[in-house]
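2 protein chains.
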Amino acid sequence: MNWITDGITAPKGFSATGIHCGIKRKNKDLTMLFSERPCSYAGVFTKNIVKAAPVNWNMELLKQKKAIQGIIINSGNANACTGRKGYEDTKTMAKVYGDKMGIDQESVLVASTGVIGQPLPMDIIHQGIDEIVKHYGNSRQHATAAAEGIMTTDTFLKEKCLQIKVDGKIITISGMAKGSGMIHPNMGTMLSFITTDASIDQETLQTLLKETISDTYNMISVDGDTSTNDMVLVLANGMASNAPIQKDTEGYAIFREAFYMLNQELAKLIVKDGEGATKFIEVTVKNMHDKEEARKMTHAVITSNLVKTAFFGEDANWGRILCALGYSGAEFDPNLVDVDYVSPAGTIKLLEQGQPIGFDEEYALEILKEKEIKVVVDCHQGEAEVTGWGCDLSYEYVKINGEYRT
Amino acid sequence: MNWITDGITAPKGFSATGIHCGIKRKNKDLTMLFSERPCSYAGVFTKNIVKAAPVNWNMELLKQKKAIQGIIINSGNANACTGRKGYEDTKTMAKVYGDKMGIDQESVLVASTGVIGQPLPMDIIHQGIDEIVKHYGNSRQHATAAAEGIMTTDTFLKEKCLQIKVDGKIITISGMAKGSGMIHPNMGTMLSFITTDASIDQETLQTLLKETISDTYNMISVDGDTSTNDMVLVLANGMASNAPIQKDTEGYAIFREAFYMLNQELAKLIVKDGEGATKFIEVTVKNMHDKEEARKMTHAVITSNLVKTAFFGEDANWGRILCALGYSGAEFDPNLVDVDYVSPAGTIKLLEQGQPIGFDEEYALEILKEKEIKVVVDCHQGEAEVTGWGCDLSYEYVKINGEYRT
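Here the protein sequences come in this chain order: A and B. When you line the first sequence up against my numbering, it's residues 1 to 406, in that order. When you line the second sequence up against my numbering, it's residues 1 to 406, in that order.
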């Protein structure tokens, strides 16, 4: 498995680009993705009852097991809580883009991200689609432009790419994602788009995607709010010419590991770019008697505002970790628990067998001054292990979200 | 039912005070409460698995249906996550205070609030108890001193008092409470102490307390973190000389309403003093098909960081309300929902039958500039109604909690 520095167009047969069309005042706000050949399509979507129009559209195409050839994505407007007109607008986006590319409306996925509750400016989007289809390509620059076009409050690009060899053929898997607020995925996640030239059927791909997200996107949180627009879309066009990847084969194991790693890295990038985040926090709950219980505990810690502000303040206030574990809803014995903080500056044990142990505050501060901190909770009551990723809660988060629409 | 301006010593037979003994650098940090006669005692406690030592002690006394005559309370240290020694320290506090007042150790409740995970400074507490028992009394000033002694990051006193007439006798019910962070009660709540001179047996009082909290303390949230120390303790000493209050009587109905109102007001005071809060937010979900579902929806809105920061920014970003309702876990039809904002400056409708309606941003800003704002979610799908109370999320919250221990 080789990580390579490349973007969404690295797998054979995919091209893309992103432009500024005027939904946002500045910066790119429209992205297109296109595959030469129809793709197996897998997707997972937000569990929020209030789903954005494009979420409903893409779910419908998934249900009908449509082969997909293109995705059109706008940023700056979520097309969520926009009523019946919102859904018509999504279908229009698919139609207009499909017509331009000579493909069927129902082979086009749509995604939107940005402010909730405002109608899409359809005249601007029409003009944007007219323009964007003049510029696409498969170079690294085209991929970067595409990744730029899906950003909202993100501060850096989120692209990951890797290659594996299956059946003697090189397969490339590439992804781009966006954060960075309203991040608390539940089944689906924020926008993440994965392309691959692997040959893999829709059913296998969908099963793999569902398995993968529970330990990747569903284990990150920026602010505990599950968006109306979360989705991960995967397109596989088969152009690597490998024998189709099937379950319980060596090729599947290789592909699965690579697919998992790619999605985990994208999920971590989303958290690292969490709104206002100054620190990346990895929480591992290990040696717990049950994986689902360990998952609840991990979630409680990464979503606690008090834990998050303590990390922002570089305060070794481990009591808040234990408090969050305690109200997580998991059944466990707090009297067996150890808590360690780990960073490049070192490791410090704060709690052992449920008993606080004196620690050197200066050494703790050295550890907490780092940008990436691991919290290790050893339950000493089983073998299950779960890791989740979050970030701190800063003044900047409040500022960004107090001023978002203005 | 008459509200009166008085404190915890207003009911007959109760005396109290608060002093600074040195657990905190400054401000009062030790409070005592004493009843001339043994009291019926009711209590509810945090559902956090990690319970502070005094929570365990008070639960044990409740289980044994002990009559109670005194409470000793320290602020500045939560005595939580302090292991076996923490429990011994709590018992020692009860013993030392009981000995001084000539009452049994097992008729003394204990409460602690403050930082988690540090041992109580028992030498300071011993000296403090020696000192405090020289100063108690039943004046308004004594009550105020007691309410001051339980404060941590609170910025104002939380006292409420009212009188009712039952069976021809005046009954006084009085309470004091503290907030103001780690506030997201679950069954129990933050520290709240209620005294009454009503004659009411332990079982009736306990049942009433349990009923009351689900619509009062359990419907407030400052930051979504359920504390290790939450508790509401109620003492009734019978000195109003009314015939004992029993279920399904007129007297019970009167007492119940007063008890509910008093606790609701204390709960609202806790939220109004939420850490860093600049606005008080009341959320009502009405005309829902099921009360528990309405409760989930209300909770999701009052705990959403994105909703909270939008109120801090005075931004009519109603999409975040709908988003929170959507991920609350409640089953409802978003296409029937109306959302209104109400404040002393007026009322504005933002969403009608699930469809966004254009609104005057300047008028919305006038409404949002007020300090107290109501969000009314009309589901149009039943008759259940729930109200909850929260606050905004400000820079100050981050500051307070990033620097708490330092």
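Quick reminder that beta carbons are idealized off the backbone N, C-alpha and C, glycines included. Predicted model, so just to flag it, every value in this text is computed and none were measured.
Original post:
In this structure, does DSSP put B:Asn186 in helix, strand or coil?
Top reply: Locating residue 186 of chain B in the second sequence gives position 186, where the first residue counts as 1. Low local confidence applies: a pLDDT of 48 at B:Asn186 is under 50, so the model's placement there is unreliable, and no value is given.
Original post:
Bridge partners of A:Trp389, per DSSP?
Top reply: For the purposes of this step, residue 389 of chain A is taken as the residue at position 389 of the first sequence. Beta-bridge partners of A:Trp389 (DSSP): A:Ile220 and A:Glu282.
Subject >> Paired residues, beta bridge with B:Tyr41 - DSSP >> reply: If you number the second sequence from 1, residue 41 of chain B lands on position 41. Bridge partners of B:Tyr41: B:Leu235.
Subject >> Nearest candidate by alpha-carbon position, reference B:Cys379, set B:Lys247, B:Gln355 and B:Ala145 >> reply: What you label residue 379 of chain B is simply residue 379 of the second sequence in a count that begins at 1. Of the listed residues, the one whose Cα sits closest to B:Cys379 is B:Gln355.
Original post:
Among all the DSSP beta bridges, which residues are the ones paired with B:Ile326?
Top reply: Residue 326 of chain B sits at position 326 when you count from the first residue of the second sequence. Note that residue 326 of chain B is Gly in the sequence shown, not Ile. None; B:Gly326 has no bridge partner.
**OP:** Give the interface partners of B:Phe332 over in chain A, defined as CB-CB distance under 8 angstroms, in chain order.
**Re:** Taking the second sequence and counting its residues from 1, one reaches residue 332 of chain B at position 332. Per Cβ cutoff of 8 angstroms: Ile49.
Original post:
Buried or exposed: B:Ser304, going by 16 or more other Cβ atoms within 10 Å of its Cβ?
Top reply: For the purposes of this step, residue 304 of chain B is taken as the residue at position 304 of the second sequence. By the neighbour-count rule (16 or more Cβ atoms within 10 Å), B:Ser304 is buried.
Subject >> Host alpha helix (DSSP H) of B:Thr309 (start-end) >> reply: Residue numbering aside, residue 309 of chain B sits at position 309 when the second sequence is read from its first letter. From DSSP, the alpha helix (DSSP H) with B:Thr309 extends over Asn305 to Phe312.
Original post:
Listed in chain order, which residues of the segment 73 to 91 of chain B have Cβ atoms closer than 7 angstroms to some Cβ of chain A?
Top reply: Cβ contacts with chain A: Ala80, Cys81, Thr82 and Gly83.
Subject >> B:Gly390 to A:Thr46 span [Cα, whole Å] >> reply: Against the second sequence, residue 390 of chain B aligns to sequence position 390. Against the first sequence, residue 46 of chain A aligns to sequence position 46. For B:Gly390 and A:Thr46, the distance between alpha carbons rounds to 26 angstroms.
Original post:
Are any of the Cβ atoms in chain B nearer than 8 angstroms to that of A:Asn401?
Top reply: Here residue 401 of chain A is taken as the residue at index 401 of the first sequence, counted from 1. It does: the Cβ of A:Asn401 has a partner Cβ on chain B nearer than 8 angstroms.
**OP:** Using a Cβ cut-off of 9 angstroms, pull out every chain A residue sitting near B:Val415, in sequence order please.
**Re:** There is simply no residue 415 of chain B to check, as chain B begins at 1 and stops at 406 in what is shown.
Original post:
Can you give the Cα-Cα distance for A:Lys95 and A:Asp104, rounded to whole angstroms?
Top reply: Translated into the one-based positions of the first sequence, residue 95 of chain A becomes position 95. Translated into the one-based positions of the first sequence, residue 104 of chain A becomes position 104. Approximately 8 angstroms, taken between the alpha carbons.
**OP:** Report all residues from its chain with a CB closer than 6 angstroms to the CB of A:Thr189; omit the five preceding and five following residues, and keep chain order.
**Re:** Within the first sequence, numbered from 1, the residue matching residue 189 of chain A stands at position 189. Interpretation of A:Thr189 is limited by its pLDDT of 39, a score under 50 that renders its predicted location unreliable; no figure is taken from the coordinates.
**OP:** Kindly say whether A:Ala310, judged by its beta-carbon, lies nearer than 8 angstroms to any beta-carbon of chain B.
**Re:** As a working note, residue 310 of chain A is residue 310 in the first sequence. Output row for A:Ala310: interface = yes.
**OP:** Consider the Cβ of A:Gly313: report whether some Cβ of chain B lies at a distance smaller than 8 angstroms.
**Re:** Start at 1 with the first residue of the first sequence, and residue 313 of chain A comes out as number 313. For A:Gly313, the answer is yes, since a Cβ of chain B falls inside 8 angstroms of its Cβ.
Original post:
Listing by chain order, which chain B residues have their CB less than 8 angstroms from the CB of A:Tyr395?
Top reply: Taking the first sequence and counting its residues from 1, the one referred to as residue 395 of chain A is at position 395. In chain order: Tyr395, Val398 and Lys399.
Original post:
For the beta strand (DSSP E) that contains B:Met176, what are its first and last residues?
Top reply: As a working note, residue 176 of chain B is residue 176 in the second sequence. Looking at the DSSP string, the run of the beta strand (DSSP E) that includes B:Met176 is Lys169 to Ala177.
Original post:
Just checking, does the segment 326 to 345 of chain B make contact with the segment 57 to 66 of chain A on the three C-beta pairs under 8 angstroms criterion?
Top reply: no
Original post:
Of all the CB atoms in chain A, is at least one closer than 8 angstroms to the CB of B:Thr155?
Top reply: As a working mapping, residue 155 of chain B is identified with position 155 in the second sequence. Closer than 8 angstroms: no.
**OP:** Mind listing the chain A neighbours of B:Thr226? Cutoff is C-beta to C-beta under 7 angstroms, in chain order.
**Re:** Walking along the second sequence from the start, residue 226 of chain B turns up at place 226. Result: Tyr327.
Original post:
So does the segment 260 to 278 of chain B actually touch the segment 351 to 369 of chain A, counting three or more Cβ pairs closer than 8 angstroms?
Top reply: no
Original post:
B:Pro356 touches chain A at which residues, Cβ-Cβ below 7 angstroms?
Top reply: For the purposes of this step, residue 356 of chain B is taken as the residue at position 356 of the second sequence. Result: Cys81, Thr82, Gly83 and Gly117.
**OP:** Examine the Cβ distances between the segment 277 to 287 of chain A and the segment 346 to 362 of chain A and report whether three or more of them are shorter than 8 angstroms.
**Re:** no
Original post:
What residues of chain B sit near A:Leu322, judged by a beta carbon separation below 9 angstroms?
Top reply: For the purposes of this step, residue 322 of chain A is identified with residue 322 of the first sequence, where counting begins at 1. Result: Val50, Ala80, Cys81, Ile116, Gly117 and Thr228.
Subject >> Rounded C-alpha distance that separates A:Lys296 from B:Gly18 >> reply: Locating residue 296 of chain A in the first sequence gives position 296, where the first residue counts as 1. Locating residue 18 of chain B in the second sequence gives position 18, where the first residue counts as 1. The alpha-carbon atoms of A:Lys296 and B:Gly18 are separated by roughly 40 angstroms.
Original post:
Name the DSSP bridge partner or partners of A:Gly354?
Top reply: Indexing the first sequence from 1 puts residue 354 of chain A at position 354. Note: A:Gly354 sits in no beta bridge, so no partner.
**OP:** Assign B:Gln163 to one of three DSSP states: helix, strand, or coil.
**Re:** Locating residue 163 of chain B in the second sequence gives position 163, counting from the first residue. Strand at B:Gln163.
Original post:
Which residues in the same chain have their Cβ closer than 8 angstroms to the Cβ of B:Asn186, if we skip the five residues on either side of it in sequence?
Top reply: Translated into positions along the second sequence, residue 186 of chain B becomes position 186. Residue placement at B:Asn186 is poorly supported in this model, since its pLDDT is 48, which falls under 50; the coordinates still yield a value, given next. Taken in chain order, the residues that qualify are Thr46, Lys47, Asn48, Asn218, Thr226 and Asp230.
Original post:
Is it right to say A:Ala253 is buried, meaning 16 or more other beta carbons lie within 10 angstroms of its own, or is it exposed?
Top reply: For the purposes of this step, residue 253 of chain A is taken as residue 253 along the first sequence, with counting starting at 1. Exposed, by the Cβ-count rule.
Subject >> Beta-carbon contacts of A:Ala408 that lie in its chain and below 7 angstroms, excluding the five residues immediately before and after >> reply: What the structure shows of chain A is the stretch from 1 to 406, and residue 408 of chain A is not part of that stretch, so it cannot be assessed.
Original post:
Got a sec: is the Cβ-Cβ distance from A:Leu368 to anything in chain B below 8 angstroms?
Top reply: Against the first sequence, residue 368 of chain A aligns to sequence position 368. Closer than 8 angstroms: no.
Original post:
From the beta carbon of B:Leu235, is the nearest beta carbon of chain A less than 8 angstroms away?
Top reply: Position 235 of the second sequence, counted from the first residue, corresponds to residue 235 of chain B. B:Leu235 does not count as touching chain A.
Subject >> Contact check, A:Glu159 vs A:Ala143, beta carbons under 8 angstroms >> reply: Sequence index remark: in the first sequence, residue 159 of chain A carries index 159 (1-based). Sequence index remark: in the first sequence, residue 143 of chain A carries index 143 (1-based). Against a cut-off of 8 angstroms, the Cβ pair of A:Ala143 and A:Glu159 comes out as a contact.
**OP:** Kindly provide the ranges of any beta strand (DSSP E) runs that are 3 or more residues long and lie completely inside the segment 37 to 93 of chain B, ordered along the chain.
**Re:** Counting whole runs of 3 or more residues, the segment 37 to 93 of chain B contains the beta strand (DSSP E) stretches 68 to 77.
Subject >> Residues in the segment 97 to 111 of chain A having any Cβ partner in chain B nearer than 9 angstroms >> reply: none
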